[in-house]
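Enquirer: Numbering (the numbering used here), first residue to last: 67 to 131.
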Amino acid sequence: VNVGCGPAEERVLLTGLHAVADIYCENCKTTLGWKYEHAFESSQKYKEGKFIIELAHMIKDNGWE
Numbered sequence: 067v068n069v070g071c072g073p074a075e076e077r078v079l080l081t082g083l084h085a086v087a088d089i090y091c092e093n094c095k096t097t098l099g100w101k102y103e104h105a106f107e108s109s110q111k112y113k114e115g116k117f118i119i120e121l122a123h124m125i126k127d128n129g130w131e
């Protein structure tokens, strides 16, 4: 897959404190979103290992259907 993952860092998001890592395109190095590495609140543990991709950073290529 052509997505890379940066180092994890703690961020306060709307749902509380999380350790997240930015994900980026391996080709152009554009930040696409982030990956939840660790949730500090038990109610947010389901997010661990999940990815958030910001639609604003996605570009439709002519090869997509």
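All C-beta atoms, glycine included, are put in the ideal place defined by N, C-alpha and C.
Would Ala-105 be called buried (16 or more neighbouring beta carbons within 10 Å of its own) or exposed?
Expert: Buried.
Enquirer: Alpha carbons only, please: which of Gly-72, Asn-93, Lys-101 is nearest the one belonging to Leu-79?
Expert: The shortest Cα separation from Leu-79 among Gly-72, Asn-93, Lys-101 belongs to Lys-101.
Enquirer: Is His-123 near Leu-83, with beta carbons less than 8 Å apart?
Expert: The answer is no: Cβ separation not under 8 Å.
Enquirer: For Lys-126, count the other beta carbons within 10 Å of its own beta carbon; 16 or more makes it buried, fewer makes it exposed. Which is it?
Expert: That one is exposed.
Enquirer: Please report the distance separating the alpha-carbon of Gln-110 from that of Ala-85.
Expert: Each residue's alpha carbon lies about 12 Å from the other.
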